[in-house]
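Using our numbering, the letters of the sequence shown map in sequence onto residues 1 to 1744.
All C-beta atoms in this analysis are idealised placements derived from N, C-alpha and C, irrespective of residue type, glycine included.
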Amino acid sequence: MCFRRKRMDVLPRACAGLLLLSLLCATGLCQRSKNNRCVLSRAKSCTECIRVDKDCSFCTDESFEEPRCDLRENLLRYGCGEASIVYTRGEKRTQQNFSINTSLQRTQVSPQSMFMRLRAGEEMSFNMDVFQPLESPVDLYILMDFSYSMSDDLDNLKSMGQNLAEFLQALTSNYTIGFGKFVDKVSSPQTDMRPEKLREPWNNADSPFSFKNVIRLTSNINYFSQELRKERISGNLDAPEGGFDAILQTAVCKDKIGWRKDSTHLLVFSTESAFHYEADGTNVLAGILARNDEQCHLDTDGTYVYDTKQDYPSVPTLVRLLGQHNIIPIFAVTNHSYSYYEKLHKYFPISEIGVLQEDSSNIVELLRTAFERIRSKMDIRADFVPKAMKTEFTSSMYKKTESGSFHITRGEVGKFNMRMKALEYISGQHVCSLPEKDRQGVIHVKPTSLSDSLKVTASVICDVCPCEQQQEFNSPKCSFHGDFVCGQCICHPGWRGDTCDCSPASSPNNEACIRPGDVELCSGRGECLCGKCQCYSEDLTQRFDGAFCQYDVLQCPRTSGFLCNDRGRCSKGACVCESGWEGPGCECPTSNDTCIDSRGGICNNHGRCECGRCICDKASLYTSSTCEISYSLGFQAVCESIRDCVRCQAWGTGSVKGNCSTCHLQIQMVEELKKEEASEYCSFQDEEDDCTYHYTLEGDPTILPNTTVHVQKKKECPPGSFLWLIPLLIFLILLLGLLLLLCWKFCACCKACLALLPCCARGRTVGFKEDHYMLRHSLMSSDHLDTPMVRSGSLKGRDTVRWKINNNVHKQGFTSLAATNPKDLIPYGLSLRLTRLFTQNLVKPDTRECEQLRKEVEENLNDIFKHILGCHKLQQTKFRLQPNSGKRQDHTIVDTVLTAPRSAKPEIIKVMEKHVSHEAFNDLKVSPGYYTVTSDQDAHGMVEFQEAVELVDVRVPLFIREDDDDEKQLQVEAIDVPTGIAEIGRRLVNITIIKEQASSLITFLQPAYSHSRFDKLAKIPVLREIIDNGKSQVTYRTRDLTAKNGRDYIFTEGDLVFQPGETRKEVQVPLLELTEIDTLLHNCQLKQFAIDLLHPKYGAKIGRYPQTTVTIADPEVVDGVPSMTGLSQVSQSPKGRLSAPLNPNAHALSSREIRFSWFPPPGKPLGYKVKYWIQGDPESEAHLIDVKAPSAELSNLYPFCDYEMQVCAYNGMGEGAYSDIIHCRTLEDVPSEPGRLAFNVVSSTVTQLSWAEPAETNGEITAYEVSYGLVNEDNVPIGPTKKVLVEDPKKRMVLIENLRESQPYRYMVKARNGAGWGPEREATINLATQPKRPMSIPIIPDVPIIDAEGGEDYDSYLMYSADVLRSPAGSKRPSVSDDSEHLLNGRVDFSFPGSGSGTLTRTTNTSYHQLSSHMQQEHRVMGSSSLTRDYSTMLMGHDSRLPLGVPDTPTRLVFSALGPTSLKVSWQEPHCEKEVQGYSVQYQLLNGGEVHRLTIPNPSQNSVVVEDLLPNHSYVFKVKAQSEEGWGPEREGVITIESQVDPQSPLSPVPGSPFTLSTPSAPGPLVFTALSPDSLQLSWERPRKPNGSILGYMVTCEMLHGGGEPRNIYVEGDNPETTLTVPHLSENVPYKFKVQAKTTQGFGPEREGIITIESQDGGTFSQFGGQQYMREEVYNFPTEYTTKTSISHSSLDPHFTDGMLTTTQRVESASSTLTKQVTKEFVSRTVMSSGTLTKQMERQFYEA
């Protein structure tokens, strides 16, 4: 007990030492261990050491006292001999390397074989050469769809044999060609299984089959053609075909297909249908099929015989197998299926796709184009790479394509580099613990089309150290109580010490541990064990040494703050210097290299060399560090000081001439200065003769009488003056300019002479082609007229012509604007020609190219026009081509609208003309000579004739208005020719527009219709209102909106002719059925197309509805019976009430504005009511605005905030139905200043600075900038300001060291989001005036530590605190948990060891009551043996101070704030030789008060939640662990929860404070899926603003119209999407569901949804099996719930398949369990609620 008490007395001293150690770590002592993984690992054996890191080495020297596992250079530095260091190196050698012979016309690779052994984490690389000749053999295999729809394609192909032969002969003289055909699996539902259909599915058709190799690859083109003509078409049922089966068999049946070894393998896949892929074969009708085994199954006739025995392959399987067999696919598909294969072909490193005409007549041209592209590509892949390896290919010669292949040049040797890295950990497991097959193997590196490959035999070095194989058991070196291994003793149980000579049972000999003259054991710095002192270690380093621990390793001499000058180590109170260094602090080099002067001597023979520095006999201002006189030290000042004396004594000039006696220099005139002096001589110009003179000094300039000045006799004077030539040259230049000006004026005044001048072109004229145009309003299809302007005469040179147009010139005073207000805002149409070529993407507003160019145009033009008073921002920016515009007619024309005052027109025209002449609007480049400015009554512009251009069109606006006269005139005038020599010929052209009186009005009946696909024909009525009876005609034409021609409907165009008396016609548009793939990929949006009425004739005019929108309602199958969705969205409500507006859409205009638009509903709405609110708020708080147009701009919104909105139309009958809820988020704005700064003062030079998130983030915070600098008493900065960029926004804390003591600093923090940097929050503090506290453990781990003495600008972090280790609950390994990561809500990886069939079952039993916590137990079984999951982590070493079995200190505390008064405290489980039995957590206020204790008996619980704390108060927490041997030492941490609101205060929380008392927002929209007539599935997304950790959700279910008790269901967990199945419902009864989220602050607002399960007759539920993730849950109402989760997997291969994706569904029932098995390939049939439809994303069908 006495010893224990003494030891506890020492602990405060040790704690103080720990603080000192943390401050000194920056000097370098602890840097080695902080960043040194070798030392941190505390490896106990040699093998364990060298596996920690690729740079780790182990010392086997018996006398070595430092850590044995360290970097090799450190071991040498601390005295371990070279021969005693075990270090494993990686190995690389070339086994076979034949040089490439380019004369051999075949593909080659060099080297051919490599051998590599790498340590874990090591990376090696080598170069490889690849050669592909200009011409290589080609194998072309055509794989064709033989379904009945391809019959015309087959007929064409039969006649193309000769064309194919000519194509192949043009490619290469060495070719083969083959042919295969495919349909689909001969099973239901893919094929009609009726006997008569199996014999002959169509007239004159072959029986159905899956795949057949018809013609093996052959060079006999005649044989190919003959065999092909014998083939007949076949057929099947469903649209997708079984081409994947055929592709796989073509690849793996190498011999039967006939692929040759050294040829380029091309596979042409021709079809017009989509494809089946993996899991499509696993259905009830076909029988559950096994996964594809990737083997060849062709019989002797070439027929695939396993089509009904195994599933289709997946996309990743095809990519892998085609790559392994060097096969390049070419997809020749029709327009109908192009979109499917366009996505598919991107997954192949090299592949091509082409559009096949409907009858395949262009297949040869398609192949030619595809082959040309393929020839320039090469893909290099590594096959059979072990799991522990990673490879990468690069090239300095070639660029990589998007798919990863290289653009190459054939016929040259390509240079590539292969990098290979051995991984360290895989899924948390060290690679050396993996099976041998995962650590080594033969990697085949294969360029595309090369059969030969580079074979790399690679392995990870996991060898055991040689010294461990030579153990000395029961060694006398270990007192016969241990084994001597690798230079150290491994003691037997019960023994310890360096030589295993100490046993706890031995009698203590404490006297030998007391230093003479001292009374404490081991100087109070260690423990006495068996008569020897075991000194305490701190932070993994040995802090004390000596026989009595009397020396402190931090107390040796320091140089520049570095212990032992960082050139040695501190041992027993003195520095032990490295080789080459000496002195008390290792500050002196042993060599005299630093004392050698310029002549090679030591200190210029005028001093002695001591400690690497010269001690000069005589030192002066001009004495260098090597005791030499150096004029470079103030040399210029010396030159200047004697300049006048030199001039006076040498030449008698200068300011002191005549008084040279005052100069005391010894002047010596020399012919030339010595070469060695040439680098240091004085040079000045004599003002009297402009000559330059030179001189130099000899001796010490500080003693002038002893100084000799050598002066060069000869001055350097300039040659004779030629200044008289300058005026003459100026006069001649002016005369020449005057002559040129006169010549130009003469030419301009007398153009008749231009033709006579050789320097000028002959005269020419420009003018309009016609002088009058007459237009009929009813026949006009555009509001512009392209008016041709022609140029005659010589077409050499360039001319530009300015023009203008006036509207309504037939009226008197048409130019008068007296009745208009100059301040009126009018829209100006602006047009410019850009210096970029036009592409079709620019006419599609939703394309990225169009959006980027629009943004560029508007930004630059807005910046120009903002200087004109009253101008608004540009709108309606569009792009087009202008035909007949000369050589630049393929350049892009931009049209945009600028709103500005009427008075601004002259200035707008001036700005346009100025910038067009400069060819740029800021960064926007434009073509010269073209612009248009259009106001409301006139327009001005310019056109350009380039050289050799004879005709251009002037795009004239026609100013079409409803109030136009029946006949109006416009006049276009060519004003002048600002550039060029042309004269204006025909100057004016008049345009007359006749507005006829309509004889009839033709219109659609209403603006929108809806038709089901089952209707097969959309019938749209067109009405005629007769004014003057007679014949009328109109053209109709369909166009795509969201529905697509050829996929959803058939394009229709025609004329409707109304005979006298006819008033009604009908437009009929055929509708197409959806294929299965269409359903999966494209039914997420409403399908609509438009029909337009155009070109009325015979006096007709278009009436009220010139176009109508047709909505195609896709059929949805619910309970097996088709139902229609989408109809309600466009149909007219009964009793005259309006239906919901169509196609609502919203997009953000700025951080505070959203534009909300929609299509009007059928009927005559008087206006619209728009309702909008913040997402998550109840709809009762919505804002309501009334608008008349079908759009609204929502303003004064919050930045970066999610809003929900909907709209309804109203008429005299009242409000109509509201539209679907539309979501839109405003754009980001810069954040506000961060929350107040908090300082945790560790010492007078070290502080921890933290800050809160900005109150208004206005976006996603991406970084913080911390700047700090010294200030004076007036808070004015002195000296530079240092900046630190914190790029992780979660790390709102830094530790700043090495600040100047007793100096005030100003600290500034600002935040950045996508919109930029926000304002700064600043604070000024002098650390010396603040109370010091123990360092708080941060809420967020990994705190950046910053050195205030570091560099300028952005400092890099010197170090981070140790990483947080995580392990699941119940693990016996260290664990730290926080409030942002839970294992059960994360991803769980399942591994299936071994081979063959296996079943993995994971059962989780959870019992919980409403609103109560629960405990989880987990057990996993694999077959009959137990399977546990291994979590790899770094174990902390045993502390020698503690008795055996007593736990170490918990290694880390982590605090997670849950609110202003609650805190989660987590820790890492300490190392202990015996099992930890529990923990004790103690906490109290830092300034004293009641001590609270919490006892945790569960050793697997590594965290606890502490409630009822005081905000803005500091608490000290202590955590310790207990085993059967007793309690271990405590881990202490201090934390303050900063809050800007008192939880007892009635005031509202401050928005954006670090922790506010706010509940979560409402969950995401509710989505319903009917499962049966009496049960449905309900799912929702987590709240957009959870405001804390979501604990669970409360779901309330009640009948909408009353009846029955409401049901409350509490669902625990926090998932991105939560799913719940509700049973025991009634058919045809509407139910209301409410969902609320819960946090520690309570429940948030409700999200409501109403649903009715309508009865459907004959409905059945499809069962999909094979490979599924099945989740089955049983709920017993009303209070207690039990959940059972099972995962089942059965397959020939124990691993999940390529591309296999799974989802979960839950089913609840009180008495029975209903299980629904699904895969993501199956789309749930979803009940509509408020227009919400769920479906899987299309990329799930392609990505693995």
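Closest by C-alpha distance to residue i, when choosing among the options
i, options, result
"Ile-1185", "Cys-1208, Lys-1101, Thr-1559 and Ile-1590", "Cys-1208"
"Pro-1450", "Ser-1456, Gln-1501 and Leu-1463", "Gln-1501"
"His-867", "Trp-1580, Cys-38, Ile-908 and Gly-1061", "Ile-908"
"Glu-967", "Arg-320, Leu-958 and Tyr-930", "Leu-958"
"Phe-348", "Val-1286, Val-130, Phe-1159 and Thr-317", "Thr-317"
"Leu-164", "Ala-1263, Asp-184 and Asp-139", "Asp-139"
"Val-442", "Leu-322, Arg-802 and Thr-457", "Thr-457"
"Tyr-931", "Cys-46, Tyr-828 and Lys-811", "Tyr-828"
"Leu-1485", "Leu-1509, Lys-256, Glu-1473 and Gly-1602", "Leu-1509"
"Lys-254", "Leu-267, Gly-1214 and Gly-243", "Leu-267"
"Phe-224", "Leu-157, Arg-72, Phe-98 and Gln-190", "Leu-157"
"Gly-585", "Gly-601, Ser-395 and Gly-568", "Gly-568"
Rounded straight-line distance, which links the Cα of residue j to that of residue i
i, j, result
"Leu-217", "Pro-329", "16 Å"
"Pro-1460", "Val-1506", "11 Å"
"Val-186", "Met-193", "8 Å"
"Pro-1470", "Val-1476", "8 Å"
"Ile-960", "Thr-765", "32 Å"
"Gln-1068", "Lys-1019", "5 Å"
"Arg-373", "Phe-838", "24 Å"
"Glu-352", "Lys-1044", "24 Å"
"Leu-75", "Gly-517", "36 Å"
"Thr-172", "Val-315", "31 Å"
"Val-1294", "Gln-1248", "6 Å"
"Tyr-1515", "Asp-1202", "38 Å"
"Cys-528", "Thr-590", "40 Å"
"Leu-1578", "Val-1611", "12 Å"
"Asp-686", "Thr-708", "21 Å"
"Glu-1297", "Val-1241", "11 Å"
Cβ-Cβ separation, residue j to residue i (assumed contact under 8 Å), whole Å
i, j, result
"Ala-332", "Asp-311", "So it is not a contact: roughly 26 Å between Cβ atoms."
"Val-1022", "Lys-1065", "5 Å"
"Asp-1055", "Phe-1089", "That belief does not hold up - the Cβ atoms of Asp-1055 and Phe-1089 are roughly 19 Å apart, past 8 Å."
"Ser-1232", "Ala-1255", "5 Å"
Residue i and residue j closer than 9 Å at C-beta
i, j, result
"Glu-716", "Thr-692", "yes"
"Leu-874", "Val-857", "yes"
"Leu-832", "Phe-731", "no"
"Gly-1588", "Gln-1641", "yes"
### Given 8 Å, three or more beta-carbon pairs between the region 969 to 982 and the region 998 to 1011
Of all C-beta pairs linking the region 969 to 982 to the region 998 to 1011, fewer than three are shorter than 8 Å, placing the two stretches out of contact.
### Query
Is the region 142 to 155 touching the region 242 to 261, taking contact as three or more C-beta pairs under 8 Å?
Yes: the two stretches touch, three or more of their Cβ pairs being nearer than 8 Å.
### Query
On the three-pair Cβ rule with 8 Å, is the region 1298 to 1312 touching the region 1321 to 1330?
A contact is defined here as three or more CB-CB pairs under 8 Å, and the region 1298 to 1312 meets this definition with respect to the region 1321 to 1330.
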